[in-house]
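Peer 1: Residues 2 to 807, numbered by the numbering used here, are exactly what the sequence shown covers, in order. Using N, Cα and C, we set each Cβ at its ideal position, and we do this for glycine too. Just so you know, these numbers come straight off a predicted model, no measurement behind them. One structure, as C-alpha cells, below. Some questions next.
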Amino acid sequence: MQIDRHPSRGPYVAALICLLTLCLTIPMFWKSGAKLAKQRDAARAAAEFERLGSAFHGNISRVDRFTFSAANLPAYSEIDTLDGLLFRLANRPGIIQNNQSDLFEELLGKPESNDNDIDTPELHLGVVWQYVQSALHRAGSDLAAFSPSELVAATIGRCAGLEPPITLRSHTLPSRSLVLHVPHDRLALLPGREPRLSQLTVEAFPTPWCVPTALIERLGVLTEHPYSALWARQAIGEIRALTEDEQPNSIVVADHLQRLELLAAEAIEMADATGDDQLRAELLRAHWGLTRRLDCWSLMHDIAVASVADNRFAAREFWERPQSASIGQGTRPAELHELSNHLEEYERSRTPQMARSIVKQQQLLARSNDQLQRELANQIEQNYRNANVRLAVSAALLQRFVPNQQTEMSPVHDRIVGTPVRGQSITSSENKVNLHPDAGRWNVDLESTGTVDSQTVAESGQVRIYSRGSTTFSVLKSVVVERDGVRLGSCMADAHNQSTLTGISSGMDWVPLVGDLVRTRAIDEYRRKQAQARAEVEYKVARRVEQQLDDRTDQALNKVERQMREQVSEPLSSAGVEMVPIELSTTAERLIARLRVAGQGQLAGHTPRPRAPADSLASVQVHESALTNAAVGLDLDGQRLSALELQKLMREKLSRSNQPAVTLVDADTVFQFATEDAVRFRVADDRLELILAMREVDHEGSPVRNFRVHAFYVPVIRGLEAELVRDGSLGIEGRVRTGERARMHGIFNKVLSEERKLPIVRLSDPNDARLAGLMITQMVMEEGWIGLAIGPEYENRTAERSRTIR
Numbered sequence: 002m003q004i005d006r007h008p009s010r011g012p013y014v015a016a017l018i019c020l021l022t023l024c025l026t027i028p029m030f031w032k033s034g035a036k037l038a039k040q041r042d043a044a045r046a047a048a049e050f051e052r053l054g055s056a057f058h059g060n061i062s063r064v065d066r067f068t069f070s071a072a073n074l075p076a077y078s079e080i081d082t083l084d085g086l087l088f089r090l091a092n093r094p095g096i097i098q099n100n101q102s103d104l105f106e107e108l109l110g111k112p113e114s115n116d117n118d119i120d121t122p123e124l125h126l127g128v129v130w131q132y133v134q135s136a137l138h139r140a141g142s143d144l145a146a147f148s149p150s151e152l153v154a155a156t157i158g159r160c161a162g163l164e165p166p167i168t169l170r171s172h173t174l175p176s177r178s179l180v181l182h183v184p185h186d187r188l189a190l191l192p193g194r195e196p197r198l199s200q201l202t203v204e205a206f207p208t209p210w211c212v213p214t215a216l217i218e219r220l221g222v223l224t225e226h227p228y229s230a231l232w233a234r235q236a237i238g239e240i241r242a243l244t245e246d247e248q249p250n251s252i253v254v255a256d257h258l259q260r261l262e263l264l265a266a267e268a269i270e271m272a273d274a275t276g277d278d279q280l281r282a283e284l285l286r287a288h289w290g291l292t293r294r295l296d297c298w299s300l301m302h303d304i305a306v307a308s309v310a311d312n313r314f315a316a317r318e319f320w321e322r323p324q325s326a327s328i329g330q331g332t333r334p335a336e337l338h339e340l341s342n343h344l345e346e347y348e349r350s351r352t353p354q355m356a357r358s359i360v361k362q363q364q365l366l367a368r369s370n371d372q373l374q375r376e377l378a379n380q381i382e383q384n385y386r387n388a389n390v391r392l393a394v395s396a397a398l399l400q401r402f403v404p405n406q407q408t409e410m411s412p413v414h415d416r417i418v419g420t421p422v423r424g425q426s427i428t429s430s431e432n433k434v435n436l437h438p439d440a441g442r443w444n445v446d447l448e449s450t451g452t453v454d455s456q457t458v459a460e461s462g463q464v465r466i467y468s469r470g471s472t473t474f475s476v477l478k479s480v481v482v483e484r485d486g487v488r489l490g491s492c493m494a495d496a497h498n499q500s501t502l503t504g505i506s507s508g509m510d511w512v513p514l515v516g517d518l519v520r521t522r523a524i525d526e527y528r529r530k531q532a533q534a535r536a537e538v539e540y541k542v543a544r545r546v547e548q549q550l551d552d553r554t555d556q557a558l559n560k561v562e563r564q565m566r567e568q569v570s571e572p573l574s575s576a577g578v579e580m581v582p583i584e585l586s587t588t589a590e591r592l593i594a595r596l597r598v599a600g601q602g603q604l605a606g607h608t609p610r611p612r613a614p615a616d617s618l619a620s621v622q623v624h625e626s627a628l629t630n631a632a633v634g635l636d637l638d639g640q641r642l643s644a645l646e647l648q649k650l651m652r653e654k655l656s657r658s659n660q661p662a663v664t665l666v667d668a669d670t671v672f673q674f675a676t677e678d679a680v681r682f683r684v685a686d687d688r689l690e691l692i693l694a695m696r697e698v699d700h701e702g703s704p705v706r707n708f709r710v711h712a713f714y715v716p717v718i719r720g721l722e723a724e725l726v727r728d729g730s731l732g733i734e735g736r737v738r739t740g741e742r743a744r745m746h747g748i749f750n751k752v753l754s755e756e757r758k759l760p761i762v763r764l765s766d767p768n769d770a771r772l773a774g775l776m777i778t779q780m781v782m783e784e785g786w787i788g789l790a791i792g793p794e795y796e797n798r799t800a801e802r803s804r805t806i807r
C-alpha cells in the first residue's frame with residue numbers, strides 16, 4: 002500500500018473555520034438573553050427619564066447630552082451618559098442625604114449593586130475606571146450585541162470612521178438632561194416629595210442662640226429642692242449641651258430640643274402634683290421660661306441649618322419656586338445670635354431700649370419672603386408682646402351694681418281702645434345679669450322682670466268705669482362686647498295683663514230704671530272691648546319697659562365709654578400707645594379680658610401672671626411693661642420744666658394722686674428729662690420701683706447731668722382701698738460726685754415726697770352699700786406683675802401675698 006507523503010490541507014482548513022465560527026457565535030448566544038433584558042430595562046429607563054423631564058415643565062437646568070457610551074458598564078449597563086449615571090446614583094434609596102459624601106466623590110468609589118454576578122476586581126478604581134474599561138472593550142461589546150448579519154459592515158464602517166454608530170435603544174433619551182451646577186449641589190426631588198426641615202441635616206452650623214443665663218439661674222433655685230432637683234439638673238445639662246457648642250451638628254441639636262420639650266412638659270406635671278404653692282410657682286415659671294425659648298430656638302435652628310445648606314436648596318424646595326424665595330435666605334446665623342442675645346438681655350433687664358431693638362428685628366423678620374423667618378417673628382409676637390393686663394369680673398359683682406328691686410309710682414294718662422284713661426300705677430321690677438359662655442367675646446344678657454299694678458278710671462260720656470289691673474312683664478336685652486366695639490341687641494319684652502272691673506257710675510244714676518239701664522249697657526260694652534283693651538295694655542307696657550331698659554343700658558355704657566376714653570384711651574393714643582384686646586371671653590361666672598398696652602415699638606407681657614383666689618369677685622393683673630409703656634403718656638421724654646411746671650403737669654396727668662397744694666422744691670430749679678425712657682417701672686420682691694432718667698437738673702446755677710433716680714414703693718391696704726407709699730431712701734445712679742449726690746437726694750426727696758402716695762384702689766364712696774362685705778383678698782407684686790383681687794370678707798382674713806401663678 003502506498004502512503005501519500007503530501008496529504009490535502011482542505012479538511013484541516015475547514016475544521017479551523019468551523020471552530021472559529023463557533024468561537025464567534027457561541028458568546029453571542031450566551032449574551033443574547035441578558036442583552037435583550039438589558040435593552041428592555043434601558044427602554045423603561047428612557048421612558049421614566051422622559052416623564053421626569055416633563056414633570057419639571059422646563060424649570061430645570063439642561064445642557065447638551067454627553068454621548069460617551071457606557072452600555073456594557075457593570076451595574077450601570079443601561080446608562081450611556083454621565084449625567085444619566087448621576088441621575089441613577091441620585092435616585093438610589095438613601096443617596097440624597099446631607100451627611101453623605103458628594104456625588105462627584107462617589108464617582109471615585111465602587112457603585113452599589115444588587116447583581117450577584119458582578120465580581121470584577123478592577124471596580125475598586127471607581128466609576129471613572131469603569132468608563133475607561135468600557136472604552137477598551139467597546140468593540141467586543143458591539144460584536145456581541147448585534148446579530149452577525151447587521152454587525153460586520155456596521156462595525157467595520159464605524160471603526161474606519163465612515164458610518165455613524167448604530168443606536169441600540171428602541172426609545173432614545175432626550176437630547177438634554179439634568180446636570181449639577183456646583184460640586185455641593187444635590188439633584189432636585191420630584192414635586193410632592195419635599196422633605197421636612199427637621200430632616201435636613203448638616204455636620205456643623207454656627208450656633209444661632211446664646212446661653213440663657215437667666216433661665217439657668219432660675220433652674221438653679223429648683224436644684225436646691227429635693228422634689229425638683231433631678232429634673233432641674235437634667236434641664237440645665239441639656240440647655241448647656243445645646244447652647245455652649247459653637248458648631249453643633251443639626252441631628253444632635255434636634256435631639257436636645259426634643260428632650261427639652263419633654264422636660265418642659267414634665268415641669269407642668271410636677272407643678273400640678275405638688276402641694277407647695279411656692280414650688281409650684283417656680284416650676285411654672287421655669288416651664289414657661291423654657292417653652293418660650295424653645296419656640297424661638299426651634300425656628301432659629303431650622304433657619305440656620307437652611308442658611309448653611311443654601312447651595313442645596315433644591316433638595317428642600319419645589320423647582321417652580323424662585324431661588325430668592327428659598328428658605329433660610331437673608332438671615333445669617335450671626336443675626337440670629339444677636340437677636341437671641343437681645344431676647345436674653347431683655348429677660349434679665351426688661352429695659353425699653355432693649356425692647357425697641359427686639360421689635361425692630363422682629364419687624365424685619367416679619368417682612369421677609371421666608372416663611373420660617375415670618376414664623377419666628379410671630380413667635381416673638383406671641384411670647385414677648387403678649388397681654389400685659391388681665392381683668393376678670395364676676396357676674397356676682399355685676400349683680401351688685403345692677404338694682405335688684407325697683408319700685409316706681411307714676412300717674413296714668415292714656416287712651417285705651419279710644420277711651421281716655423287716668424289713674425295711678427306702681428311698677429315693681431327685679432333686674433338680673435346673665436352670662437353666656439363665649440370663647441371670643443363678652444356675652445351678657447340684662448333681664449328685667451316685674452309687675453305694673455294700676456287703678457284707673459275710664460270716662461266715656463257720662464259713664465265712668467273703675468278697674469284694677471295687674472300686668473306682669475319680662476324684658477331681655479343682649480350686650481355683646483367684641484374686639485372692634487360694643488353691639489347692643491334689641492330688647493325683647495313679653496307682658497300679660499289681667500284687669501278687674503271695680504265699679505261703674507254715670508250722671509243718670511239718680512234716675513230710676515234709666516240708671517240701671519245705662520250701667521248694664523256700660524258693662525256690656527266693657528266686656529265686648531275687654532280683649533282688645535287687654536292686648537293694647539300689654540303692648541304699651543312691653544314698649545314702655547323696653548324703652549326704660551334701653552335708656553338705662555345706653556346711659557351706663559356711655560358713662561363707661563366716656564371714662565375709658567378720657568382717662569385711658571386718649572392719653573395713651575396721644576403718646577402712640579394702644580390698648581388692644583388680645584382675648585375677650587365669657588364663662589358661666591366671669592367676664593375675662595386680656596389686653597395689651599403697647600405701641601408699635603414696645604414689647605408687652607412675657608412671664609406668667611399671678612393667679613387670683615378662686616372666690617374673687619374681681620381681679621386684675623398688670624405687668625410692669627404696661628406701666629412703662631403707659632408712662633410715655635406723661636410726655637416727659639426730653640422735656641425741660643421748672644419745678645412749678647413739673648408740679649402742674651403731674652397734677653394734670655395724675656389727677657387722682659394726693660399732690661400737695663404747693664411744691665417744696667425751689668421754684669428756680671429746672672428739670673430736664675432724658676430724651677428716651679424718662680420714666681419706667683420695675684416690679685419685684687413685693688415692691689414697685691420707679692426710675693426717673695434725668696439729663697440735667699439745674700439747681701442754684703449748678704447743673705448735674707446724666708443720672709437716674711430710683712424710688713421704691715410698697716402697697717398699703719385698708720379694707721377695699723390700697724395705695725403705694727415710699728419705702729426706704731432714694732437711689733442715685735450715675736457718675737455723680739458726693740456733694741452733687743447729696744444735693745440730688747435733697748431735691749428728689751421733695752419731688753417724690755414720702756407723704757405723696759400713689760393710689761391703686763380708691764373709692765369715691767367707701768360706705769357704698771353695694772360693696773358691703775368685700776375686701777382686698779390678694780396683693781402680689783413680684784416677677785414683673787402686680788396682682789390684685791377683691792372677694793368676700795371673712796373674720797381674720799388678710800390679703801394674700803401668694804406666689805401662685807398660672
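Can you tell me where the alpha helix (DSSP H) holding residue 467 begins and where it ends?
Peer 2: Position 466 of the sequence shown holds residue 467. Segment 464-483 is the beta strand (DSSP E) holding residue 467; no alpha helix (DSSP H) there.
Peer 1: Note the first and the last residue of the continuous beta strand (DSSP E) segment covering residue 513.
Peer 2: Sequence index remark: in the sequence shown, residue 513 carries index 512 (1-based). Note, residue 513: premise wrong, no beta strand (DSSP E); not H, not E.
Peer 1: How far does the beta strand (DSSP E) with residue 443 in it extend, from its first residue to its last?
Peer 2: As a position in the sequence shown, residue 443 is number 442, starting the count at 1. Looking at the DSSP string, the run of the beta strand (DSSP E) that includes residue 443 is 443-461.
Peer 1: Around the Cβ of residue 745, are there at least 16 other Cβ atoms within 10 angstroms (buried) or fewer (exposed)?
Peer 2: Along the sequence shown, read from residue 1 onward, the residue named residue 745 stands at position 744. Burial call: buried.
Peer 1: To the nearest angstrom, report how far apart residue 502 and residue 473 are at their CA atoms.
Peer 2: Within the sequence shown, numbered from 1, the residue matching residue 502 stands at position 501. Within the sequence shown, numbered from 1, the residue matching residue 473 stands at position 472. Cα-Cα distance, rounded: 18 Å.
Peer 1: Going by beta-carbon coordinates alone, are residue 802 and residue 610 separated by less than 8 Å?
Peer 2: Within the sequence shown, the letter at position 801 stands for residue 802. Within the sequence shown, the letter at position 609 stands for residue 610. No, the pair does not count as a contact, with Cβ atoms beyond the cut-off.
Peer 1: Check residue 699 in the structure and name its three-state DSSP category.
Peer 2: The count along the sequence shown starts at 1 and reaches residue 699 at position 698. Here residue 699 sits in strand by DSSP.
Peer 1: By the three-class DSSP mapping on this structure, what secondary structure does residue 498 have?
Peer 2: Taking the sequence shown and counting its residues from 1, one reaches residue 498 at position 497. Of the three classes helix, strand and coil, the one that applies to residue 498 here is strand, per DSSP.
Peer 1: For residue 492 and residue 630, what's the separation of their Cα atoms in angstroms?
Peer 2: Counting from one through the sequence shown, the residue named residue 492 turns up at place 491. Counting from one through the sequence shown, the residue named residue 630 turns up at place 629. Cα to Cα, the separation comes out at about 40 Å.
Peer 1: Excluding sequence positions up to five away, which residues of its chain have a Cβ less than 6 Å from the Cβ of residue 260?
Peer 2: If you number the sequence shown from 1, residue 260 lands on position 259. The answer, listed in chain order, is 239.
Peer 1: Please go through the same chain and pick out, in chain order, the residues whose beta-carbon is closer than 7 Å to the beta-carbon of residue 326, but skip the five residues on each side of it.
Peer 2: Within the sequence shown, numbered from 1, the residue matching residue 326 stands at position 325. Because the pLDDT of residue 326 is 40, which lies under 50, any placement of that residue in the model is unreliable, and the number read from its coordinates should be weighed accordingly. Same-chain partners within the cutoff: 370.
Peer 1: Cα-Cα, which of 225, 254, 294, 274 is closest to residue 216?
Peer 2: Reading the sequence shown from its first residue, position 215 is the one you call residue 216. The candidate whose alpha carbon is nearest that of residue 216 is 294.
Peer 1: Can you grab the Cα-Cα spacing for the pair residue 228 / residue 277, in whole Å?
Peer 2: Position 227 of the sequence shown, counted from the first residue, corresponds to residue 228. Position 276 of the sequence shown, counted from the first residue, corresponds to residue 277. The straight-line gap from Cα to Cα measures roughly 10 Å.
Peer 1: Per DSSP, residue 713 forms a beta bridge with which residues?
Peer 2: Residue 713 sits at position 712 when you count from the first residue of the sequence shown. 690.
Peer 1: What span of residues does the beta strand (DSSP E) with residue 415 cover, start to end?
Peer 2: Stepping through the sequence shown from its first residue, residue 415 is reached at position 414. Residue 415 -> beta strand (DSSP E) spans 406-417.
Peer 1: In this structure, what does DSSP give as the bridge partners for residue 345?
Peer 2: Start at 1 with the first residue of the sequence shown, and residue 345 comes out as number 344. Paired residue(s): none; residue 345 is not in a bridge.
Peer 1: Quick check on residue 749: buried or exposed, where buried means 16 or more other Cβ atoms within 10 Å of its Cβ?
Peer 2: What you label residue 749 is simply residue 748 of the sequence shown in a count that begins at 1. That one is buried.
Peer 1: Between residue 685 and residue 784, is the Cβ-Cβ spacing less than 8 Å?
Peer 2: The count along the sequence shown starts at 1 and reaches residue 685 at position 684. The count along the sequence shown starts at 1 and reaches residue 784 at position 783. Yes, they are a contact pair.
Peer 1: Should the segment 691-707 be called in touch with the segment 673-683, which here means at least 3 C-beta pairs below 8 Å?
Peer 2: Yes: at least three Cβ pairs fall under 8 Å.
Peer 1: Just to check my reading of the structure: residue 634 and residue 578 have Cβ atoms closer than 8 Å, yes? What is that Cβ distance to the nearest angstrom?
Peer 2: Residue mapping note: residue 634 aligns to position 633 of the sequence shown, counting from 1. Residue mapping note: residue 578 aligns to position 577 of the sequence shown, counting from 1. The pair is a contact, with the Cβ atoms about 6 Å apart (cut-off 8 Å).
Peer 1: Buried or exposed: residue 283, going by 16 or more other Cβ atoms within 10 Å of its Cβ?
Peer 2: Along the sequence shown, one-based indexing puts residue 283 at 282. Buried, because 16 or more other Cβ atoms sit within 10 Å of the Cβ of residue 283.
Peer 1: Residue 454 and residue 417: beta carbons closer than 8 Å?
Peer 2: By 1-based counting over the sequence shown, the position of residue 454 is 453. By 1-based counting over the sequence shown, the position of residue 417 is 416. No, the pair does not count as a contact, with Cβ atoms beyond the cut-off.
Peer 1: Taking the beta carbon of residue 607 as the centre, do at least 16 other beta carbons fall within 10 Å, making it buried, or is it exposed?
Peer 2: For the purposes of this step, residue 607 is taken as the residue at position 606 of the sequence shown. Buried, because 16 or more other Cβ atoms sit within 10 Å of the Cβ of residue 607.
Peer 1: Spell out a yes or no on whether the segment 295-307 and the segment 363-380 are touching, meaning 3 or more CB-CB pairs, one atom from each, closer than 8 Å.
Peer 2: They touch, by the three-pair rule.
Peer 1: For residue 465 and residue 500, which I take to be in contact (beta-carbon distance under 8 Å), what is that distance rounded to the nearest angstrom?
Peer 2: Stepping through the sequence shown from its first residue, residue 465 is reached at position 464. Stepping through the sequence shown from its first residue, residue 500 is reached at position 499. About 15 Å separates the two Cβ atoms, so there is no contact after all.
Peer 1: Starting from residue 355, follow its DSSP beta bridges and name the residues at the other end.
Peer 2: Translated into the one-based positions of the sequence shown, residue 355 becomes position 354. DSSP output for residue 355 lists no bridge partner at all.
Peer 1: Out of curiosity, what's the CA-to-CA distance linking residue 451 and residue 424?
Peer 2: Residue numbering aside, residue 451 sits at position 450 when the sequence shown is read from its first letter. Residue numbering aside, residue 424 sits at position 423 when the sequence shown is read from its first letter. About 20 Å.
Peer 1: Would you please state the rounded distance, in angstroms, between the beta carbons of residue 204 and residue 250? I believe it to be under 8 Å.
Peer 2: Walking along the sequence shown from the start, residue 204 turns up at place 203. Walking along the sequence shown from the start, residue 250 turns up at place 249. Residue 204 to residue 250, Cβ: 6 Å. Contact.
Peer 1: DSSP three-state label for residue 671, please.
Peer 2: Counting from one through the sequence shown, the residue named residue 671 turns up at place 670. Of the three classes helix, strand and coil, the one that applies to residue 671 here is strand, per DSSP.
Peer 1: Can you find at least 3 beta carbon pairs, one from the segment 432-444 and one from the segment 583-598, that sit closer than 8 Å?
Peer 2: Yes: the two stretches touch, three or more of their Cβ pairs being nearer than 8 Å.
Peer 1: Could you tell me the distance, in whole angstroms, from the CA atom of residue 254 to the CA atom of residue 242?
Peer 2: Within the sequence shown, the letter at position 253 stands for residue 254. Within the sequence shown, the letter at position 241 stands for residue 242. Approximately 9 Å, taken between the alpha carbons.
Peer 1: Since residue 733 sits in a beta bridge, which residues does DSSP pair it with?
Peer 2: Taking the first residue of the sequence shown as 1, we reach residue 733 at position 732. Its beta-bridge partners are 710.
Peer 1: Spatial neighbours of residue 647 within its chain, please: C-beta separation below 7 Å, excluding the five flanking residues on both sides.
Peer 2: On the sequence shown, position 646 is the one that residue 647 refers to. 672, listed in sequence order.
Peer 1: Can you have a look at residue 498 and say buried or exposed, based on whether 16 or more other CB atoms are within 10 angstroms of its CB?
Peer 2: Reading the sequence shown from its first residue, position 497 is the one you call residue 498. Looking at its Cβ environment, which holds 16 or more other Cβ atoms inside 10 Å, residue 498 is buried.
Peer 1: Do you know how far the Cα of residue 774 is from the Cα of residue 1?
Peer 2: No answer is possible for residue 1: it lies beyond the span of the chain, which begins at 2 and ends at 807.
Peer 1: Starting from residue 242, follow the alpha helix (DSSP H) in both directions and report where the run begins and ends.
Peer 2: As a working note, residue 242 is residue 241 in the sequence shown. That run of the alpha helix (DSSP H) goes 230-244.
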